[in-house]
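Presented below is the structure to which this report refers.
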Amino acid sequence: GEDVEQSLFLSVREGDSSVINCTYTDSSSTYLYWYKQEPGAGLQLLTYIFSNMDMKQDQRLTVLLNKKDKHLSLRIADTQTGDSAIYFCAETPPGSYQLTFGKGTKLSVIP
Amino acid sequence: GAGVSQTPSNKVTEKGKYVELRCDPISGHTALYWYRQSLGQGPEFLIYFQGTGAADDSGLPNDRFFAVRPEGSVSTLKIQRTERGDSAVYLCASSLSGMGETQYFGPGTRLLVL
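Residue numbers (our numbering), protein chains in the order written: chain D, 13 to 123; chain R, 229 to 342.
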């Protein structure tokens with residue numbers, strides 16, 4: 013497809029793991045990003061992965077990259093109520109300065 | 229350190245009016261970007277500056293939109309003859325140099341055109 017695609021909603025219980033999935037458009041994209049947006053706020057960079065990596069771990073966050081399927085996922089371990097937000101997947105296609113974003117996944121954490 | 233700042237945080241205007249939105253990038257960042265985020269959507273690219281020059285303005289929707297960065301730091305996004313469809317959050321980002329660099333976003337300006 014032409015768009016970066018994400019499921020729109022995800023609901024998890026506090027303490028469980030959350031997995032947010034994304035399908036991106038260009039298998040040659042060099043960097044892939046996850047941004048977090050809390051209500052009324054701007055975008056906060058959570059983590060990114062370089063295209064020659066399969067996995068990146070940063071504290072509670074684990075990013076998995078499947079280049080063959082153009083699939084990116086973000087796992088949040090021990091999800092907390094403060095993790096409730098919209099999570100955006102984004103790519104930078106080769107030769108481009110632009111970030112191309114998905115529509116975002118709204119994560120709701122149930123106490 | 230100081231992040232990207234944007235002013236005003238909210239702007240309400242009437243259809244047909246002119247508005248200016250300001251962005252202060254992170255000090256030392258030569259690359260600056262503007263994005264527009266409509267309700268329920270991800271941000272969409274508008275324009276990219278490298279220094280003082282607009283290196284890519286392919287995302288500007290029409291000639292009512294214009295942006296400047298005269299001294300290579302602060303940028304202003306200008307919208308003429310605003311329309312209701314211009315209502316959105318306008319996000320600014322900066323990065324250290326350009327291609328391949330992580331973009332850091334400001335809090336955005338929420339524009340409402342009545």
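Note that beta-carbon positions come from the ideal geometry of N, C-alpha and C, so glycine has one too.
Taking only the alpha-carbon atoms, compute the straight-line gap between residue i and residue j and give it to the nearest angstrom.
| i | j | result |
| --- | --- | --- |
| TYR263(R) | ILE122(D) | 32 Å |
| PRO271(R) | THR337(R) | 13 Å |
| ALA316(R) | GLN234(R) | 14 Å |
| GLU103(D) | PHE333(R) | 15 Å |
| LEU44(D) | SER325(R) | 18 Å |
| ASN238(R) | ALA53(D) | 12 Å |
| TYR246(R) | ARG292(R) | 9 Å |
| SER96(D) | LEU76(D) | 21 Å |
| GLY94(D) | ARG25(D) | 12 Å |
Check whether the Cβ atoms of residue i and residue j lie closer than 7 Å to each other.
| i | j | result |
| --- | --- | --- |
| LYS82(D) | SER39(D) | yes |
| LEU73(D) | TYR99(D) | no |
| PHE273(R) | GLN56(D) | no |
| TYR261(R) | ALA321(R) | yes |
| THR117(D) | GLN18(D) | yes |
| VAL296(R) | ASP314(R) | no |
Taking CB distances under 7 Å as the criterion, tell me whether residue i reaches chain R.
| i | result |
| --- | --- |
| LEU84(D) | no |
| LYS115(D) | yes |
| TYR36(D) | no |
| LEU55(D) | yes |
| GLN110(D) | yes |
| PHE100(D) | yes |
| GLY13(D) | Residue placement at GLY13(D) is poorly supported in this model, since its pLDDT is 46, which falls under 50; the coordinates still yield a value, given next. Chain R, which has no Cβ nearer than 7 Å to the Cβ of GLY13(D), makes this no. |
Would you please verify whether the beta carbon of residue i is less than 7 Å from any beta carbon of chain D?
| i | result |
| --- | --- |
| GLY334(R) | yes |
| GLY326(R) | yes |
| PRO271(R) | yes |
| ASP284(R) | yes |
| TYR318(R) | no |
| TYR276(R) | yes |
Given residue i, which residues of its chain have a CB within under 6 Å of its CB, disregarding the five upstream and five downstream residues?
| i | result |
| --- | --- |
| ASN33(D) | SER85 |
| PRO105(D) | ASP38, SER41 |
| GLY329(R) | Reading the sequence as shown, one finds Glu at residue 329(R) and not Gly. These residues qualify, in order along the chain: SER323. |
| SER23(D) | SER120 |
| ALA230(R) | none |
State yes or no: is the C-beta of residue i nearer than 6 Å to some heavy atom of the ligand PLP?
| i | result |
| --- | --- |
| CYS34(D) | Among the components of this structure there are no ligands whatsoever, and the ligand PLP is therefore not found. |
Identify the residues that DSSP records as bridge partners of residue i: which are they?
| i | result |
| --- | --- |
| MET67(D) | LEU76(D) |
| GLY281(R) | GLN278(R) |
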